[in-house]
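Numbering follows the UniProt record's numbering, with no gaps: position 32 of the sequence shown is 32.
Notes follow the structure.
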Amino acid sequence: MMNYFDDLGIQVDDIKSRQFEIFYKLLIEENEKYNLTAITERKDVYIKHFLDSILVEKLDFEFNGKKVIDIGTGAGFPAIPLKIMNPQMRITGLDALNKRIGFIKMVQKELSLKDIELIHGRAEDFGQMTKYREQYDFAVSRAVAELRLLLELVMPFVNVGGYFIAYKSLKTKTELEDATHALNEMKSKLIDIVEFKLPEDFGTRDMMIIQKMGKINNKYPRKPGIPKKSPL
Ligand code: SAM
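What follows is the structure in structure tokens.
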């Protein structure tokens, strides 16, 4: 099964393979109770959830030892696969749904993962807290919102000089055009877009790499619901 990782030249040793297996088992066993994912076939989960989550391993970044936050982590994507791949990563997963956070806590326990913080809450609230604002080397987010909205939710967490890697596909160009004002307000700049092809015709994935260049006005993020109602 691990050859899906090999296809993209990502090495997964025995310990990590076992951790992915346990994660898969828990995801399937607990899916009904927690309403975690529509994808349940083994191959689909491995490619669309696990491999997709760790494509960033192909980028030129070192994640071990770094502070990373996953905004809208859901059932733990990409946070848990990234943590499996980078055991020294200090990862925070944040989601507005407590049920899903409960599931990831179970995964954390079963996999004996250290240096992982799981928060039930909204990005709009936590992005205003000193403990979380401008505290992260990297932020990641997958399937949460269109880019201009996402930027307001995510960039307050990132250190000046740090990066946001947005997992995007399909409407990348349009989203980018719509996000000009949001990028300005978030004192951020697009560094690169790296396209990946998933194996077995599972489509493509664009990683948008955005760097925070300066401090953001304290009025951002605005109160819960406002960024969505009137995106920048
Ligand atoms: N990232 C996961 C993945 O790729 O499978 C989950 C994607 S799911 C479609 C979107 C998640 O974002 C949901 O679990 C939702 O609760 C969370 N979310 C949306 N807006 C949020 C916000 N403002 N603050 C925190 N979580 C949010």
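C-beta atoms are modelled at their ideal positions from N, C-alpha and C, and glycine is treated no differently.
Status (buried if at least 16 other CB within 10 Å, exposed otherwise) for residue i
| i | result |
| --- | --- |
| phenylalanine 20 | buried |
| histidine 49 | buried |
| aspartate 137 | buried |
| alanine 143 | exposed |
| phenylalanine 61 | exposed |
| asparagine 217 | exposed |
| aspartate 70 | buried |
| arginine 18 | exposed |
| proline 78 | buried |
| lysine 229 | exposed |
| proline 116 | The question names proline, yet the displayed sequence has isoleucine at residue 116. With 16 or more other Cβ atoms within 10 Å, it is buried. |
Beta-carbon spacing of residue i, residue j below 7 angstroms
| i | j | result |
| --- | --- | --- |
| proline 81 | serine 112 | no |
| methionine 208 | isoleucine 226 | no |
| alanine 145 | arginine 122 | no |
| lysine 16 | isoleucine 84 | yes |
| threonine 40 | isoleucine 28 | yes |
| isoleucine 10 | phenylalanine 202 | no |
| histidine 181 | leucine 150 | no |
| lysine 67 | arginine 90 | yes |
| leucine 94 | lysine 105 | no |
| lysine 219 | valine 160 | no |
| asparagine 86 | phenylalanine 63 | yes |
8 angstroms contact criterion, which residue i and residue j should meet: CB distance rounded
| i | j | result |
| --- | --- | --- |
| tyrosine 163 | isoleucine 210 | 7 angstroms |
| arginine 222 | glutamate 124 | 7 angstroms |
| valine 140 | isoleucine 165 | 5 angstroms |
| lysine 58 | phenylalanine 196 | 7 angstroms |
| leucine 147 | leucine 170 | Not quite, the Cβ-Cβ distance comes to about 12 angstroms (not below 8 angstroms), so this is no contact. |
Residue-level contact to chain D via CB, residue i, 7 angstroms cutoff
| i | result |
| --- | --- |
| proline 224 | Given the protein chain composition of this structure (a single chain), no chain D is represented. |
TODO: Spell out a yes or no on whether the segment 23 to 43 and the segment 69 to 85 are touching, meaning 3 or more CB-CB pairs, one atom from each, closer than 8 angstroms.
DONE: With the rule of 3 Cβ pairs closer than 8 angstroms, the segment 23 to 43 counts as touching the segment 69 to 85.
Open item on the list: Quick check: the segment 152 to 162 against the segment 170 to 189, are at least 3 beta-carbon pairs closer than 8 angstroms?
Closed with: Contact check between the segment 170 to 189 and the segment 152 to 162: three or more CB pairs, one atom from each, fall below 8 angstroms, which counts as touching.
Open item on the list: Tell me which residues pass a beta-carbon proximity test against the ligand SAM: closer than 5 angstroms to any heavy atom, given in chain order.
Closed with: In chain order, the qualifying residues are Gly72, Gly74, Phe77, Asp95, Ala96, Leu97, Arg122, Ala123, Arg142, Ala143, Val144.
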